[in-house]
Each structure stands twice: as C-alpha cells, then as structure tokens.
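Novice:
Number of protein chains: 2
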Amino acid sequence: MGIVERKEREREEMRKRILEAAQKLFLENGYEKVSIRNIADAIEYSPATIYLYYKDKNELLYALHQIGFHKMIDAFQSALQLEDPFDRLVELGRRYFQFAFDNPELFDLMFIMTAPMDALACKNDIWDEGKSAFNLLVTCVQECIDKGLFKTQDAEVASLMIWSSVHGYTALFLRKRLEMFEENRRKELMESAFNLFNETIRHGL
Amino acid sequence: MGIVERKEREREEMRKRILEAAQKLFLENGYEKVSIRNIADAIEYSPATIYLYYKDKNELLYALHQIGFHKMIDAFQSALQLEDPFDRLVELGRRYFQFAFDNPELFDLMFIMTAPMDALACKNDIWDEGKSAFNLLVTCVQECIDKGLFKTQDAEVASLMIWSSVHGYTALFLRKRLEMFEENRRKELMESAFNLFNETIRHGL
DNA sequence: CAAATGTACTGAACACCGTTTATTAATCAA
DNA sequence: TTGATTAATAAACGGTGTTCAGTACATTTG
Numbered sequence: 001m002g003i004v005e006r007k008e009r010e011r012e013e014m015r016k017r018i019l020e021a022a023q024k025l026f027l028e029n030g031y032e033k034v035s036i037r038n039i040a041d042a043i044e045y046s047p048a049t050i051y052l053y054y055k056d057k058n059e060l061l062y063a064l065h066q067i068g069f070h071k072m073i074d075a076f077q078s079a080l081q082l083e084d085p086f087d088r089l090v091e092l093g094r095r096y097f098q099f100a101f102d103n104p105e106l107f108d109l110m111f112i113m114t115a116p117m118d119a120l121a122c123k124n125d126i127w128d129e130g131k132s133a134f135n136l137l138v139t140c141v142q143e144c145i146d147k148g149l150f151k152t153q154d155a156e157v158a159s160l161m162i163w164s165s166v167h168g169y170t171a172l173f174l175r176k177r178l179e180m181f182e183e184n185r186r187k188e189l190m191e192s193a194f195n196l197f198n199e200t201i202r203h204g205l
Numbered sequence: 001m002g003i004v005e006r007k008e009r010e011r012e013e014m015r016k017r018i019l020e021a022a023q024k025l026f027l028e029n030g031y032e033k034v035s036i037r038n039i040a041d042a043i044e045y046s047p048a049t050i051y052l053y054y055k056d057k058n059e060l061l062y063a064l065h066q067i068g069f070h071k072m073i074d075a076f077q078s079a080l081q082l083e084d085p086f087d088r089l090v091e092l093g094r095r096y097f098q099f100a101f102d103n104p105e106l107f108d109l110m111f112i113m114t115a116p117m118d119a120l121a122c123k124n125d126i127w128d129e130g131k132s133a134f135n136l137l138v139t140c141v142q143e144c145i146d147k148g149l150f151k152t153q154d155a156e157v158a159s160l161m162i163w164s165s166v167h168g169y170t171a172l173f174l175r176k177r178l179e180m181f182e183e184n185r186r187k188e189l190m191e192s193a194f195n196l197f198n199e200t201i202r203h204g205l
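Protein sequence lines correspond, in order, to chains A and B. Every letter in the first sequence is one number past the one before it in the UniProt record's numbering, and letter 157, counting from 1, is 157. Every letter in the second sequence is one number past the one before it in the UniProt record's numbering, and letter 88, counting from 1, is 88.
(1) What separation, rounded to the nearest whole angstrom, lies between the Cα atoms of P85(A) and Y51(A)?
(2) Kindly indicate the opening and closing residues of the alpha helix (DSSP H) around K16(B).
(3) What three-state label does DSSP hand G148(B) in the structure shown?
(4) Run through DSSP, which three-state label would residue 215(A) get?
(5) Among E156(B), K131(B), A133(B), which has the Cα closest to the Cα of E143(B)?
(6) For T139(A), I'd like the list of residues in its chain whose CB is within less than 6 angstroms of its CB, leaving aside the five on either flank, ordered along the chain.
(7) Contact criterion: CB-CB distance below 7 angstroms. Does G148(A) meet it with respect to chain B?
(8) From F173(B) to G2(B), what does the alpha carbon distance come to, in whole angstroms?
(9) Is it buried or exposed for H70(B), if we count other Cβ within 10 angstroms and need 16 for buried?
(10) Specify whether the segment 175-186 of chain A and the segment 2-12 of chain B touch according to this definition: at least 3 beta carbon pairs, one from each stretch, less than 8 angstroms apart.
(11) Can you grab the Cα-Cα spacing for the pair I162(A) / L178(A), in whole Å?
(12) Check whether the Cβ atoms of L25(A) and K33(A) sit closer than 7 angstroms, and answer yes or no.
(13) Could you give the DSSP three-state label for Q153(B): helix, strand or coil?
(14) Take the Cβ of N198(A) as the centre, count every other Cβ of all protein chains shown within 10 Å, and call the residue buried at 16 or more, exposed below.
(15) Buried or exposed: which applies to R175(A), given that a residue is buried once 16 or more other Cβ atoms fall within 10 Å of its Cβ?
(16) Please compile the residues from chain A whose C-beta is within a distance smaller than 9 angstroms of the C-beta of I201(B).
(17) Would Y169(B) pass as an interface residue toward chain A - the criterion being a Cβ-Cβ separation below 7 angstroms?
(18) From the beta carbon of R185(B), is the nearest beta carbon of chain A less than 7 angstroms away?
(19) If you draw a straight line from the alpha carbon of I43(B) to that of I18(B), how long is it in whole angstroms?
(20) So, is A158(B) buried or exposed, given that buried needs 16 or more other C-beta atoms within 10 angstroms?
(21) T139(B) by DSSP, collapsed to three states: which one?
(22) Mind checking whether L64(A) and L120(A) have CB atoms under 7 angstroms apart?
(23) Do we get a CB-CB distance below 7 angstroms when we pair F111(B) with the residues of chain A?
(24) Look at F76(A) and T170(A) and say whether their C-beta atoms are less than 7 angstroms apart.
(25) Here's the rule I'm using: 16 or more other beta-carbon atoms within 10 Å means buried, otherwise exposed. How should F150(A) be labelled?
(26) Please list, in chain order, the chain B residues whose beta carbon lies closer than 8 angstroms to that of V34(A).
(27) Could you check the C-alpha separation between L205(B) and Q81(B) for me, to the nearest Å?
(28) Could you pull the start and end residues of the alpha helix (DSSP H) that S192(B) belongs to?
(29) I'd like to know if M161(A) contacts chain B, where contact means its C-beta is closer than 7 angstroms to some C-beta of that chain.
(30) When the Cα of G68(B) is compared with those of M190(B), N124(B), I112(B), which residue comes out closest?
(31) Report the CB separation of S35(B) from A193(A) in whole angstroms; it is logged as a contact under 8 angstroms.
(32) Can you pull out the residues from the segment 18-50 of chain A whose beta carbon lies closer than 8 angstroms to at least one beta carbon of chain B?
(33) Rounded to a whole number of angstroms, what is the C-alpha to C-alpha distance between F101(B) and T114(A)?
(34) What do you get for I126(B), buried or exposed, if any count of 16 or more other CB atoms within 10 angstroms of its CB means buried?
(35) Give the DSSP-derived three-state secondary structure of Y45(A) in the structure shown.
(36) By the DSSP assignment, the alpha helix (DSSP H) with R177(A) in it spans what residues?
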C-alpha cells in the first residue's frame, strides 16, 4: 500500500523536473529566460502548476542557487588538496573569481541577487550553503594561523576580510565597473591587484 | 527670434522634470516604484512621452546614477580635508560603506545593477563619474606612497585593491550575504574585518 | 490672414511578467 | 459505485517596457 510513498516520490520527481528545466534555461539563455512561463513551456505544463511545487519564483531561484553552491564547492575541491595552507588560500581566491567568470548567472544568484535570500528570510531559515562555503575558508585561514603565517588570531574576522576583498574584485568586474580601465590593461591591473592583496596579507596579516 | 532656443530650453526642462520625478519616486519608495508608468503619473504625462526625452529606462537609470555620484562625492568632501593621507583613506572607506547603508538603492544603481552600465555601453561612452571618484582614491593612495606609508609604488593597483575590499564588504552586506552571522555579532564582526584590513595595509602595503 | 508644415503628445496596443482562483479531470478510499 | 481528495489548468488580474498611428496645436510660408 505504498500509495502515499509513490505520491511523495512523484512529487519530488516533478520538483526535480521543474528545477532541471529552470537550470537548463538559465545556463543556456541567462537569467532573463527563466520566467515561470518559460519553465512551464519547457516541461509542457501550465504556469500555474509550477506553483503547486514551488511557493514562488524566489524559492525556485533559491533552489538554483543551491545547485550553484554544489558546483562551486566542486570547483574548490582540488584546490583543497594543496599542501601549504597559504597556497591553498590564494588558489581558493583564484577559483572564486574563475567560478564567477565561468558561471556569471549562477554567481549572481549565489552572491549578488537578493531574490534567493528573500526566499530564505521568509522561511526564517539559515543560509547553510553560504555558511559551509565560508567555513571552508575559515578552516584554511585557521591553518595559516596555526602555522604562524598570520599574526592575527581571529580566523573568522580574517576570513571575512579576505572574502570581502576577493568578492569585491569579482563583483566589480562582473557588474562592469572595471570597464573604465582600457581593455588591454584591465586584465593585468586586476591580476596585479589580486597579487598585491595576497602579498600584503602574506606579510602583514 | 529665440524660438529654437526656447524649444531647446523647454526640452531640457522636461528632461529635468522627468528625472526629478524619477528620483523622488526612487528615494521615497525604492527601485520597484520607478516604472515608466509611475513616473508618467507623477508628472501627469502619458508613458509614451517619457520616450521622447529618454531613449529607454536604462538611460534614465544612468541619469539617476549620475545624481548618486554627485551625492557620494559630496559625502566624501569633508573627509578629504583630513591632514594625514592614511586617516583620509580610512575615512573614505568608512564613508563608502556609510553611503551605501544610507542610500542602498542609489548605491545599487551606482555599483551593482548592470542597467545603467548597459546604457553607457550602447552609447560607446566612458564611465566618467566612476573614473573621477576612483581618481579621488588614487590621489589619496599616492600621497600615502609619497609619505612613505606604503612600500608599493603603484597607486592605481593599490587603489583597485583597496576599492575592491571595501566594495566587497559593502556589497556582501547590502545583498544580505552577511546575515549568516547572528545579528548581534554581525556589526562587530564587520567592524573588526574593516579594522583588520586597515591595519594590514597600514603595515603591509 | 489662410494654408501647409512640423512637432509635442497620447491612446491603444504588443508582448511580456508573477501570481491567484474557479473549475475540470483524474485518482483514491469507502 | 459513489463520494472525497488531489492534480492540473484556463483565464484572469494587475502589473511591466516599449512602439506606433493619429490628433491637436504651434510655427512657418505663400
């Protein structure tokens, strides 16, 4: 008598089908193509059906944003194997930017758009994905402290500062605020600024 | 026979009237209230009329964004009077964040939304406001270098790094990505991270 | 001064959007 | 088989940015 189980399974399948259609549209055509109506078209259901499985568009975007975090943590994995914690730290920064560069829409969803956060807030829930990604950073910084590479003793504060810096650089680029620098110099300038930050914390943090 | 002059004047007045209505709506009710139709209502003209004075909504947003820069540069003014260039630098950072905190919608327009930048791009124009605000920072950093406070010799690269850091911290806050820290600790944590950054560049840059 | 030209403006439409609701069709339990 | 539950939808609501044909008025010309 597994009827309720089957129903539950079917429900999950439908949620997944919707999410996958959303992801496909999103990755193929960017944010503007992810309308409830477009998703409905893609899965050949009516727009109203989406609302039987997701409360609203924000909740759907939050689910997409979770997928983004899985992708990002994947991208971080091999960097975490690096022996030296400082090398690891620098590599994490590099990959944060690279991830944003390769997946601008996902990054948007993960760190810039307010919509997915609003979905969280109205569920009175906690941003688990963000927290666990941040903890990756904290662990790494803590190792730097333990090895005596940093004078600072507060790994969390140091991590926030490092995240801010790398994020700022990334967000300004992504939102076209670095286009005031000529295209030729831009890449070099950004690389220099990134290196300068690394050197500065290497010797001064 | 100043008819064409009068017409030109009337045209500028209308552009100004539209922009002021947009600004008013924007500051009073946030971004979502700035629709072409809302602006048209406010100035008691039809929506189509707006398009006789601004190419599209992006162009209007770009004009608003320029107003934002004037406000921000105003907010910077008194900090620029500070004697010590490093104190000045720190104060500029503080005010960047404070400006964002006090004018979140404007800050959005100035540094986060892509729309106004798209308006610029399709006119093949340069982001003058951004450049001149950035130059304020470069000048300050250059003074720090000249006074021997920083070892680095490239003021532009150092400025980009500093801007990135302060911007990142600001953008993460504004976009609710720091709400994973409990509300009580958050403010303190951010202040600590900001101070840590300042100390680090003070001794290590 | 009257007719012709130019232009400022608008109503209505187009093609979208997120979301809600009343209703129908299908499935399940008794 | 009947009655209750559930899944899906058509249609609408109230918005959005934008375009365009047409009107009414101002200006120039004969």
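Even glycine gets a Cβ: it sits at the ideal position worked out from N, Cα and C. It should be emphasised that the depicted structure is a prediction, and the values quoted were computed from it without experimental measurement.
Specialist: Quick answer:
(1) 46 angstroms
(2) 3-29
(3) coil
(4) No answer is possible for residue 215(A): the residues shown for chain A start at 1 and end at 205.
(5) E156(B)
(6) none
(7) no
(8) 53 angstroms
(9) exposed
(10) no
(11) 20 angstroms
(12) yes
(13) coil
(14) buried
(15) buried
(16) T200, G204
(17) yes
(18) no
(19) 7 angstroms
(20) buried
(21) helix
(22) no
(23) yes
(24) no
(25) buried
(26) The contacting residues do not exist; V34(A) stays about 16 angstroms from chain B at best.
(27) 23 angstroms
(28) 183-204
(29) yes
(30) I112(B)
(31) The pair is not a contact, with the Cβ atoms about 38 angstroms apart (cut-off 8 angstroms).
(32) none
(33) 16 angstroms
(34) exposed
(35) coil
(36) It is not in any alpha helix (DSSP H) - R177(A) carries neither H nor E in the DSSP assignment.
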